[in-house]
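The structure appears right after this line, and notes come after that.
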Amino acid sequence: MRHLLGSTVSAFALAAAIAFTGAAAADVSIVRDPTEVPAPITRSAPATVTIELQTVERVAELNDGSSFRYWTFNDQVPGPLTRARVGDTVEVTLTNAEDSWMPHNVDFHAVTGPHGGGMATMALPGETKSFSFKALKPGLYVYHCATPTVAQHIANGMYGMILIEPEGGLPAVDREFYVMQGEIYTVEPIGTQGELTEDYEALVNEMPSHYVFNGKVGGLVKDKPLEAKVGETVRLYFGVGGPNKTSSFHVIGEIFDRIYDLGGVHAETLDVQTVTVAPGGAVIADVTFEVPGTYVIVDHALSRVEKGLAAHIKVEGPANYEVFDDREGEQVTLAD
Ligand SMILES: [Cu+2]
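Taking my numbering, the leading residue of the sequence shown gets 18, the next gets one more, and so forth.
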């Protein structure tokens, strides 16, 4: 529909296009599939990696029965996860869609240089900008739109991450997932039906109406839950877009085996219950599932669950009664 609206069309066709866009909005999903993680890098020498970003504003489902005008990188929230290696040259191209209402750009925390590329990529609707940088430091890094009002662009969905692998990569795991936390600020309270309106006052007062994993209330519960099997080690690339709220990242019913502290790769902490992740920050967290069931990812500031913040990890496999036994009335037999 963007192309239709950007060209010369009859008034009738334009009205039809607008009506169609409105009717389709509730079915549009901006939820990034958490399995969209590029494969580990196997090469042993630096290379050139390209990142193509398109900034797109689109009305999509926010919650059951409500929608919101999101601002996105590549149509989804968060933007794509890119994987590069320390020493690589990363070439970034950003195109702002013709039908955008706003200018947009991108600031990579993995960049060493002014504004993280923010000024170099500032693009009006229809413009394309580019720059390149050398990945000097390994780690998991956030990127975000840095166009004023920056907090507004982030709250509306403009954040993502890039993983800069160390030489030799990270230890292999069975599955990798990409999850980011954000806040959304609307005039209407959560649960209101229809297209909701962004609330600038609530944004600057840091009072979100919704909290989301991968962009949408329930996006990683009903739409795209994480899935694993008993015995597998899962790696979570977890970041906070924010813009404002620190996450107390926690998986109900599990303990992280290993945390790569603060999204870096040099310091590890073993056996951790809850991790503090700042806005504009990240963590790499490994967890092995010993017992089948549905595990819930939360921010342990648990009032936020009431504003939409939860994700599921569905773990399938044989029961493991030595580790966890909920067979009511049969424990007596075990104790004998
Ligand atoms: Cu923007």
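All C-beta atoms in this analysis are idealised placements derived from N, C-alpha and C, irrespective of residue type, glycine included. Just so it is clear, the structure is predicted and the values come from calculations on it, not from any experiment.
Look up residue i in the DSSP assignment and give the residues it is bridged to.
{"i": "GLY174", "result": "Answer is none; GLY174 lacks a bridge partner."}
{"i": "ILE269", "result": "VAL313"}
{"i": "ASP303", "result": "ARG252, ARG275"}
{"i": "VAL196", "result": "PHE255"}
{"i": "LEU141", "result": "DSSP, once it has assigned bridges, lists no residue as partnering LEU141."}
Ligand 1 and residue i: does any heavy atom of the ligand fall closer than 6 angstroms to the residue's C-beta?
{"i": "MET175", "result": "yes"}
{"i": "HIS121", "result": "yes"}
{"i": "HIS126", "result": "no"}
{"i": "THR166", "result": "no"}
{"i": "HIS170", "result": "yes"}
Given this structure, state the Cα-to-Cα distance separating residue i from residue j, to the nearest angstrom.
{"i": "GLN169", "j": "THR72", "result": "15 angstroms"}
{"i": "SER265", "j": "VAL292", "result": "6 angstroms"}
{"i": "GLU223", "j": "PHE230", "result": "18 angstroms"}
{"i": "GLY208", "j": "ALA64", "result": "48 angstroms"}
{"i": "LEU237", "j": "GLU323", "result": "15 angstroms"}
{"i": "ASN337", "j": "PHE273", "result": "19 angstroms"}
{"i": "VAL251", "j": "ALA245", "result": "8 angstroms"}
{"i": "ALA189", "j": "TRP118", "result": "43 angstroms"}
{"i": "ASP342", "j": "LEU243", "result": "24 angstroms"}
{"i": "ILE47", "j": "GLU345", "result": "42 angstroms"}
{"i": "HIS329", "j": "VAL308", "result": "15 angstroms"}
Skipping 5 residues on each side, what residues in its chain have a beta carbon closer than 6 angstroms to that of residue i?
{"i": "LEU180", "result": "ARG100, LEU157"}
{"i": "VAL294", "result": "VAL257, SER264, PHE266, VAL300"}
{"i": "VAL441", "result": "This structure does not reach residue 441, given that the chain is present from 18 up to 353, and the question cannot be answered."}
{"i": "GLU69", "result": "THR110"}
Excluding the 5 residues flanking residue i on each side, which residues of the same chain have their C-beta closer than 8 angstroms to its C-beta?
{"i": "TYR254", "result": "VAL54, LEU98, LEU157, MET178, LEU180, GLU193, PHE194, TYR195, VAL196, ALA299, ILE301"}
Within its chain, find whatever has a CB closer than 7 angstroms to the CB of residue i; leave out the 5 residues flanking it on each side and keep chain order.
{"i": "ALA127", "result": "ALA152, TYR158, ILE179, ILE181"}
For this session: Count the CB pairs spanning the region 296 to 305 and the region 204 to 214 that are closer than 8 angstroms, and state whether there are at least three.
Result: Verdict: no, contact absent.
Exercise. Is the region 254 to 273 touching the region 305 to 324, taking contact as three or more C-beta pairs under 8 angstroms?
Worked result: With three or more CB-CB distances shorter than 8 angstroms, the region 254 to 273 counts as touching the region 305 to 324.
Exercise. So, do the region 81 to 92 and the region 100 to 110 have three or more beta carbon pairs nearer to each other than 8 angstroms?
Worked result: With the cut-off at 8 angstroms, the region 81 to 92 and the region 100 to 110 do not touch.
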